[in-house]
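Residue numbers (full-length UniProt numbering): 1 to 107. Following: one structure in structure tokens, then a few remarks.
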């Protein structure tokens, strides 16, 4: 249950970052948009710079979330491994109660 909550938190964080980036673009258009007076070459180069900056920010966030996802997957695998060991241990005690021969024979 806790792992699904952390995945949800990561998704909410990604959405929050996207909203904040969009808000920054809308509040400071001079930082991100080109001026109308500039030539088409200047505006296209600034637009390309903006796209590159946006792509870099996106790639950084993507890399962060991929590492977080990998860590969560490792934690899930470890928890599933622990769960199977506990289940096997519990099963072996029940077998000892039911069948003494099955419990004490050599494995």
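From the three backbone atoms N, C-alpha and C, an ideal C-beta is built for every residue, glycine too.
Starting from the Cα of residue i, find the closest Cα among the options and give me that residue.
i: residue 17; options: 61, 74, 66 and 82; result: 61
i: residue 10; options: 44, 51 and 67; result: 67
i: residue 24; options: 44, 54 and 45; result: 54
Please say whether residue j and residue i have beta carbons closer to each other than 8 Å?
i: residue 14; j: residue 65; result: yes
i: residue 7; j: residue 72; result: yes
Would the beta-carbon of residue i be found less than 7 Å away from any heavy atom of the ligand MG?
i: residue 78; result: Of the ligands one can find in the structure shown there are none, so the ligand MG has no counterpart to examine.
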